[in-house]
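Protein chains in written order, with the working numbering: chain P, 1 to 300; chain H, 301 to 761; chain C, 762 to 1036.
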């Protein structure tokens, strides 16, 4: 067995233990803690401005009891959850497939990597504006292409269900590069000999995937999934320019509701309550999910 | 005494030089002053100021006017330009801070009530007791005045807080070329408009009427207000007097909504619920709309060949009205106010700009950039008679009746309710009676929670 | 059971299809930058190139695009560098410097929770904080807030890669008398190359495209590209052409950067995987 480290070594490690974690903690304490606390405190108050000064009135849980009766919040929660599940699943599958293929080919790697990253380089508002034009039933290029092959065009953003799917398509186009990038990085840091060993063993592509690649990639997959889920719950840019939450409440998403209530209607207390509830729901989802995968990883 | 020529000349020269200097200086001052000032009033030198404003079609015109101010007076003005929603946000941050960043706030009617009720603005007379809003400046539903005790915009009982910057209201845009071809007359009532729209409706090339049926922070509710008001309906019974009985589900309101929904059904595009302001204007520009009612600020695009397919083919008239009502466009205008939380010298400088801005010459310059001036007398200027300004008659006739959509800080919440329910009505998800009843319930709820004196009408059947 | 082999042709076919779907809208944006508004609205296929959009973007009264571009570059580079540094240090600390296991769990959980908060609710407190120390129009404020916004993903991703470093390498280095700074410099950073590259690209892009905070914490001099572009999405007219021109001008350098960076990534990879 190895000899225990010398005392000086241990002290040095202890000191560096703090130095290396301190910057991150500093950022969080100074910039993250204050707004979170502020949010929770606001959610228990009513805030009005009079004579140039703020007046905070404690209302306890009043906002939280109002939430279930708010039609936008109900629609927002339902839509956002469905949106997140559908969009993120599609993005994970497509992103993984693309990353897998790009990691296996030789010719055109750099080209494909660059191309597949393009959508996230473009600002969200531009994506929203351009896709809105493309979806235009009269002049949009999508319906024009449909017309070329003899199909009738659709009113992509005009009717409830279809509008919802159209927004998901834009999200997939926008965010699959995120998944692609992380999973590709994960794949490229796997030891090369594993793939060769699997091939020599005569494993089929599916077997290799299931027994070797995915288990080894699990940490990256989990992180990617978690962050993609969180970010999709915050979806805003696409909805803002494409549909504004309509038609009706078909594409109303939580972050949009929060934006509407918190900012446009200047109801900071109530808007904070919606944020806190959304946080809660999301945290629950993530914790459950992490719990499940941790068990999976340990049994491996 | 010996005549000392040197001393004599010296003693004569000195006063002479002094006199000459005095003459030259006065001449320079007068000439310089005349060169910088308008005919008449000399403009004082004040501190530099920052105006916070949003990017918009009329911004170009406004910035030209600001340049003229800088040249004429030698005072410096910085423009902080933002996207529309962003401007409101930044203004809000600035007035709530200890010391404000911005000296003149260009506030849209959407957040004007919030700023008045919040007490963030300073009465202009506390900066200069002699300041008056020029009588030629239009009223804009008294939004330049505020009565802090009664909490309402009232020119009689309130004091002046702001100068209008842009008088944006809705008008009726129509295809004059199609009118000529079909021999139609400009409609006075909504029924006449409906008939004209039906006549010109030939989908999918041209839709008789394109409306802002979409749901957003302010689309369909803003679009529908002129119908409501011109049918003698209203959201509240008497806002100015403080009676907030909810009357959104009155029989008159139902008539107004029926007219709106039927127009969409009979002469509108297949998906009226997805047309926001930009889409309506696009429909006009691409020639797809025979009628529409966007604000006058959209006008400059129509005669621009890089943006419009219908240059010279569109004209503007006052909005129609309901039976027994008057044309009542909704105000979407901007007021320039001065916040409390900036130092006195910047307040003085800001007021100097506003005072200059409301002058006749400044407004002529403004109108010449294609924007509706805030003074009535400018409308009689000769250049306003040319076809480039064919919108001016309609604006002048419309402005006296223009109304604010809401004057309470709860306004955006009310708008939110109306946006959803009206959108559902136009999509056919709810009947008009149902939509209005639900809206009435929700608005009543909001007003009650906020502590206003309110009541409800019986439900529509 | 039928065994599926790695078909080269099949993979290329799928990739090519994917590339097409990705590229088409981007090309469309490229064309849009040269179309007049009416040509865009009418969806004209054939059009005469129009340079007015670029003129308006670069030379009009209200525009400072070159300055905005520089600001974005500064802020994005600054925040990316800081995130990569802070995140890797934190990841190494948590997983290799013998903290009790609740520490990394708490930090990670806190990161996730913080990441869930919509930025618009953060802007208010941040504005007040920075204004009270007079920093509300500075690069520093924007860089720091962007670091805060992107640290969660930085820490999460770098944690994965740091934990992948084989313990034997570290133990060998310790036995050789390697101090922690030397360990980081000689072993950790080089070996997490792919992680750094991926995180770096993501953080750079997120910072570059960030809008809500940038809008409120900047003024004319410090405004970034998204704030500039957003001005063209107006109430009465979404100036699609100008926005497309703005997007084009900001994407091209990013693409060049990517191509350049990838050469380094490949180099880093072949050096790093000598595990």
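We put the CB at the ideal spot given by N, CA and C, even for glycine.
Three-state secondary structure (DSSP) of residue i
i	result
residue 633/H	coil
residue 730/H	coil
residue 56/P	strand
residue 432/H	coil
residue 617/H	strand
residue 1022/C	helix
residue 674/H	coil
residue 842/C	helix
residue 461/H	coil
residue 992/C	coil
residue 863/C	helix
residue 441/H	coil
residue 639/H	strand
residue 408/H	strand
Within-7 angstroms CB hit, residue i to chain C
i	result
residue 356/H	yes
residue 713/H	no
residue 642/H	no
residue 17/P	yes
Cβ of residue i within 7 angstroms of any chain H Cβ
i	result
residue 264/P	yes
residue 997/C	yes
residue 980/C	yes
residue 952/C	no
residue 190/P	no
residue 799/C	yes
residue 826/C	no
residue 822/C	yes
residue 991/C	yes
residue 935/C	no
residue 888/C	yes
Residue i vs residue j beta-carbon contact at 7 angstroms
i	j	result
residue 523/H	residue 703/H	no
residue 799/C	residue 24/P	no
residue 633/H	residue 501/H	no
residue 526/H	residue 619/H	yes
residue 852/C	residue 920/C	yes
residue 250/P	residue 160/P	yes
residue 241/P	residue 62/P	no
residue 797/C	residue 606/H	yes
Rounded Cβ spacing between residue i and residue j (contact assumed at less than 8 angstroms)
i	j	result
residue 179/P	residue 224/P	6 angstroms
residue 245/P	residue 515/H	6 angstroms
residue 266/P	residue 709/H	7 angstroms
residue 44/P	residue 58/P	6 angstroms
residue 960/C	residue 836/C	17 angstroms between Cβ atoms; not a contact.
residue 121/P	residue 1015/C	5 angstroms
Interface flag, residue i vs chain P, CB-CB below 7 angstroms
i	result
residue 331/H	With a pLDDT of 45 at residue 331/H, under the threshold of 50, the predicted position of this residue should be treated as unreliable, though the coordinate-derived value follows. Residue 331/H does not count as touching chain P.
residue 322/H	Its pLDDT being 48, under 50, residue 322/H is placed unreliably by the model, and nothing is read from it.
residue 571/H	yes
residue 1017/C	no
residue 517/H	yes
residue 521/H	no
residue 865/C	no
residue 1035/C	Confidence at residue 1035/C is low in this model, with a pLDDT of 38, below 50, so its placement is unreliable and no value can be given for it.
residue 1023/C	yes
residue 985/C	no
Any non-hydrogen atom of the ligand COA within 6 angstroms of residue i CB
i	result
residue 521/H	Although the ligand COA was asked about, the structure shown includes no ligands whatsoever.
- prompt: Of the residues that make up the segment 111-122 of chain P, which ones have a beta carbon closer than 9 angstroms to any beta carbon in chain C?
  reply: 111, 112, 113, 114, 115, 116, 117, 118, 119, 120, 121, 122
- request: Please list the residues of the segment 894-914 of chain C that have a C-beta atom closer than 7 angstroms to any C-beta atom in chain P, keeping them in chain order.
  value: 905, 906, 908, 909, 912, 914
- prompt: What residues in the segment 494-515 of chain H bring their beta carbon closer than 8 angstroms to a beta carbon of chain P?
  reply: 504, 514, 515
task: Note down, in chain order, all residues in the segment 388-411 of chain H with a beta-carbon under 7 angstroms from any beta-carbon belonging to chain C.
output: In summary, the residues of the segment 388-411 of chain H whose CB is separated from some CB of chain C by less than 7 angstroms are 389, 390, 393, 397, in the order they occur in the chain.
query: According to a CB-to-CB cut-off of less than 8 angstroms, which residues of the segment 714-725 of chain H neighbour chain P?
result: 716, 720, 723, 724
message: By the 8 angstroms beta-carbon criterion, what residues does the segment 662-674 of chain H contribute toward chain C?
response: The segment 662-674 of chain H vs chain C, Cβ under 8 angstroms: nothing.
message: At a CB distance below 8 angstroms, what residues from the segment 842-863 of chain C approach chain P? Give them in sequence order.
response: 846, 847, 848, 850, 851, 853, 854, 855, 858, 859, 860
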